[in-house]
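Residue numbers (UniProt numbering): 1 to 346.
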């Protein structure tokens, strides 16, 4: 892809995100979402592979439907209340339609079917954008309307997302699909706490984005697209494989790594809100996700491939590790000790 074209698309992504997160009016928020969608489409389909074109088409259709629903819910709300302000989404039917629309945008279950397919058809770096940057504007819209959303609906969507994200990721062999189901499961954790403690949803998103960025950058550096390639990657970059092991365990939410922090705070808050059964269910369901993270980690570091493998071993390179990977993995592993400070900030 032409570097100038790429620069324009990246700037458009940043512009769309900024417009949505800084707007008070529904039409401006919708405009930002549309700019985002149109900017990411060329990045998804840049390889001209039929799979990439299919992914871009699916992404466009789903996002167009979701954007239509966002407009429809805001117009319905304006019709009944005379308010176009994002924080004044007070009409119950409008809130329900908005929840469905944002769930489609994010890939929350049961509107999640498009996300693994689109991620599988995209390059790894575009997959990183889809999993992190593209989810930020819809989450900010949910954050701004959190006081008027239906708690029962969001809790149901959240538990369903964690269950399906963990369950459907179990038998996957493609790393991008595994990361897609991981994303769906993490969104469930963000959705369940949204109404009770919105700032915790944002903290969870920031930490999730950081850990996911570390994993995607590491996989991109090792050129790993499926588990069988990951098994031989230790020969090329042993240090990266070791770092990947710790980052994946952090993403799974194991103490004493960073990923344990949001889960711990969310379970604590749910218990305070007399939602102990929901906290128990979502904690048990996250064990499904733990299984496939462990599987990835096992393939990355512990498994020595058998001698009968058809894979050509890659040469060990002494190329220095990308500084951004070093910074992100350090943060993904070591932030738990400063959790009291983070708790006071939020």
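Just so you know, even glycine gets a beta-carbon here, dropped at the ideal spot from N, CA and C.
Check: CA-CA distance, residue 205 and residue 193?
Finding: Residue 205 and residue 193: Cα-Cα distance of roughly 12 Å.
Next item on the list: Check the DSSP bridge columns for residue 25 and list the partner residues they point to.
Entry: Residue pairing by DSSP puts residue 25 in a beta bridge opposite 85.
Checklist line | Reduced DSSP category for residue 319 - H, G, I as helix; E, B as strand; rest coil | finding: Note: residue 319 maps to coil in three-state DSSP.
Margin query: Suppose you measure from the CA of residue 270 to the CA of residue 251; what does that come to, to the nearest Å?
Written below: The alpha-carbon atoms of residue 270 and residue 251 are separated by roughly 21 Å.
Next item on the list: Could you tell me which of 164, 138, 264, 273 sits nearest to residue 292, measuring between CA atoms?
Entry: Of the candidates 164, 138, 264, 273, the one whose C-alpha sits nearest the C-alpha of residue 292 is 164.
Check: What first and last residue would you give for the alpha helix (DSSP H) that runs through residue 120?
Finding: Boundaries of the alpha helix (DSSP H) around residue 120: 114-121.
Item checked: First through last residue of the alpha helix (DSSP H) which encompasses residue 221 -> Run containing residue 221: 198-222, per the alpha helix (DSSP H) assignment.
Note to self: Need the endpoints of the alpha helix (DSSP H) that residue 253 sits in, please.
What the structure shows: No alpha helix (DSSP H) holds residue 253; DSSP gives it neither H nor E.
Notebook entry, point to check: What whole-angstrom Cβ distance do residue 177 and residue 116 have, given they're in contact under 8 Å?
Noted result: Your pair residue 177 and residue 116 checks out as a contact, with CB atoms roughly 5 Å apart and the cut at 8 Å.
Check: So is residue 171 buried or exposed if we call it buried at 16+ other beta carbons inside 10 Å?
Finding: Classification of residue 171: exposed, given that the 10 Å Cβ count is below 16.
Margin query: Closest to residue 55 by C-alpha separation, out of 68, 41, 67, 65, would be which residue?
Written below: Residue 55 has its Cα closest to that of 41, out of 68, 41, 67, 65.
Item checked: Start-to-end residues for the alpha helix (DSSP H) that takes in residue 169 -> Taken as a continuous stretch (DSSP letters only), residue 169 belongs to no alpha helix (DSSP H), as it is neither H nor E.
Note to self: Taking 8 Å as the cut-off, does the region 212-225 touch the region 135-146 (at least 3 CB pairs, one atom from each stretch)?
What the structure shows: Put simply, the region 135-146 does not touch the region 212-225. Fewer than three CB pairs are less than 8 Å apart.
Next item on the list: Pick out whichever of 325, 282, 158 has its Cα sitting closest to the Cα of residue 107.
Entry: Comparing Cα-Cα distances from residue 107 to each of 325, 282, 158, the minimum goes to 158.
Margin query: So, under 8 Å CB-CB, residue 155 and residue 29 are touching, yes? Tell me the CB distance rounded to an integer number of Å.
Written below: Actually they are not in contact, since the Cβ atoms of residue 155 and residue 29 sit about 25 Å apart, beyond 8 Å.
Checklist line | Local Cβ density within 10 Å of residue 357, reported as buried at 16 or more and exposed below that | finding: As shown, the chain starts at 1 and ends at 346. That puts residue 357 outside it, with no answer to give.
Next item on the list: Tell whether a beta-carbon distance below 7 Å holds between residue 81 and residue 90.
Entry: Contact: yes.
Margin query: Check for me: the alpha helix (DSSP H) holding residue 124 runs from which residue to which?
Written below: 124-131 is the span of the alpha helix (DSSP H), which, as asked, contains residue 124.
Item checked: Sub-7 Å separation of residue 234 and residue 241 beta-carbons -> Taking 7 Å as the Cβ cut-off, residue 234 and residue 241 qualify as a contacting pair.
Next item on the list: Within the same chain, show all residues whose beta-carbon is closer than 6 Å to that of residue 185, passing over the 5 residues directly before and after it, in chain order.
Entry: Here the set comprises 162, 165, 166, 289.
Checklist line | Nearest-angstrom Cα separation, counted from residue 146 out to residue 198 | finding: A direct Cα-to-Cα measurement between residue 198 and residue 146 gives close to 7 Å.
Margin query: For residue 148, tell me which candidate among 97, 212, 22 has the shortest Cα-Cα distance.
Written below: If we check each option's Cα against that of residue 148, 97 comes out closest.
Note to self: Please give the ranges of any alpha helix (DSSP H) in the region 133-166, keeping only runs that are unbroken, at least 4 residues long and fully inside the region.
What the structure shows: Those alpha helix (DSSP H) runs which fall completely within the region 133-166 and span 4+ residues are 136-144.
Checklist line | Terminal residues of the alpha helix (DSSP H) in which residue 237 lies | finding: Where residue 237 is concerned, there is no enclosing alpha helix (DSSP H), given that its DSSP letter is neither H nor E.
Note to self: Going by the DSSP bridge assignment, what does residue 226 pair with across the sheet?
What the structure shows: Bridge partners of residue 226: 174.
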